[in-house]
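Numbering (our numbering), first residue to last: 4 to 261. Beta carbons: idealized from backbone N, C-alpha and C, even for Gly. Step one of this worksheet: look at the structure below.
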Amino acid sequence: MEILIRPTAADVATQAARILAHYAREGATLGLATGSTPVATYQELIRMHREEGLSFAQCRAFLLDEYIGLPREHEQSYYRTIRREFTEHIDIEDANVHSPDGLLPDSDAAGRSYDEAIQQSGGVDIQLLGVGTNGHVGFNEPGSSLASPTRLKTLHPQTVKDNARFFDSADDVPRHVLTQGLGTISRARHLLLLATGEGKAPAVHALAEGPVSAHCPASILQLHPHATVIVDEAAARDLQESEYYRYADANKPSWQRH
């Protein structure tokens, strides 16, 4: 696992955008995440598209998850969110932006269909991830199988509380989602996880320096052959090996630097 510590959340977003831009130039298949952390990265990619000519025209994209029961037109569906925050502002074809179908009555079949669509596309080249305060990635809550496929999950009460800020009240937050599983996520060729703020510091420590465990789903990154974690100083607060991570980053060969 490669861990990059940057001074501020803005620096994290800039670094992540550079990495994603490299893949966009190759017409890669991008795995996109919603939530508050990736927004600044998307804004930087939009700027690069408008001011530097970065094109996404040859790219495809797959979202991590979708709420069960929310129509696609709902303002807080992830189908709408990713378009509002990112893809409507770049030159990717809307038909090439895919998300799980949270309205299908058979969620097991919906999960299998989504995994098959990813595989038929050739797989995800780079998957953008955030991490929850309880260590979840996607909506793989603590206790999720490390080999799980896309499937129905019940949200942890902490996740409902965290997501209530996007709704009128916590009562309006759906309790179930269709999410890529840890097994599906792990098949992406490159995992890129972002975390900012002191509130994420315990989760960052657990995923990077704790045991690989279903108790911290994000710890699955430790087993991946190409995983990059970018955090700001606040989120790096609890890392015991932070000085080594800085040293290793500063002394990379030039051809390895993002």
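- [ ] Report the three-state DSSP secondary structure of D104 (helix, strand or coil).
- [x] To locate residue 104, count along the sequence shown from 1; it is residue 101. DSSP places D104 outside both helix and strand once states are collapsed to three, so it counts as coil.
TODO: Starting from I8, follow its DSSP beta bridges and name the residues at the other end.
DONE: The count along the sequence shown starts at 1 and reaches residue 8 at position 5. Note: I8 is bridge-paired with V234 in the DSSP secondary-structure output.
Open item on the list: Using C-beta distances below 6 Å, list every residue in its chain close to A237, excluding the 5 sequence neighbours before and after it, in chain order.
Closed with: Here residue 237 is taken as the residue at index 234 of the sequence shown, counted from 1. Here the set comprises G200 and E201.
Task: Contacts around V207, its chain only, beta-carbon distance under 6 Å, and the 5 residues preceding and following it disregarded - done: Stepping through the sequence shown from its first residue, residue 207 is reached at position 204. The answer, listed in chain order, is A198, V234 and A238.
Task: Cβ-Cβ separation, L195 to I22 (assumed contact under 8 Å), whole Å - done: Counting from one through the sequence shown, the residue named residue 22 turns up at place 19. Counting from one through the sequence shown, the residue named residue 195 turns up at place 192. Contact between I22 and L195 holds, since their C-beta atoms are separated by about 6 Å, short of 8 Å.
TODO: Would you decide whether M123 is buried or exposed? Buried here means 16 or more other CB atoms lie within 10 Å of its CB.
DONE: Translated into positions along the sequence shown, residue 123 becomes position 120. It should be noted that the sequence gives Gln, not Met, for residue 123. With fewer than 16 Cβ atoms within 10 Å of its Cβ, Q123 is classed as exposed.
Open item on the list: Quick check: the Cα distance between S222 and S80, rounded to an integer number of angstroms?
Closed with: Against the sequence shown, residue 222 aligns to sequence position 219. Against the sequence shown, residue 80 aligns to sequence position 77. A straight-line Cα-Cα distance of about 27 Å links S222 and S80.
TODO: Would you decide whether G125 is buried or exposed? Buried here means 16 or more other CB atoms lie within 10 Å of its CB.
DONE: Taking the first residue of the sequence shown as position 1, residue 125 is located at position 122. With fewer than 16 Cβ atoms within 10 Å of its Cβ, G125 is classed as exposed.
Open item on the list: Taking 8 Å as the threshold (C-beta atoms), are F59 and A20 in contact?
Closed with: Taking the first residue of the sequence shown as position 1, residue 20 is located at position 17. Taking the first residue of the sequence shown as position 1, residue 59 is located at position 56. In this structure, F59 does not lie closer than 8 Å to A20 by Cβ.
Task: For T182, the three-state DSSP class (helix, strand or coil) - done: Stepping through the sequence shown from its first residue, residue 182 is reached at position 179. Of the three classes helix, strand and coil, the one that applies to T182 here is strand, per DSSP.
Open item on the list: On the DSSP letters alone, give me the boundaries of the alpha helix (DSSP H) that Q122 sits inside.
Closed with: Numbered from 1 along the sequence shown, position 119 holds the residue referred to as residue 122. Q122 -> alpha helix (DSSP H) spans S110 to Q123.
Open item on the list: Does P220 pass the burial test, meaning 16 or more other C-beta atoms within 10 Å, or should it be called exposed?
Closed with: By 1-based counting over the sequence shown, the position of residue 220 is 217. It counts as buried.
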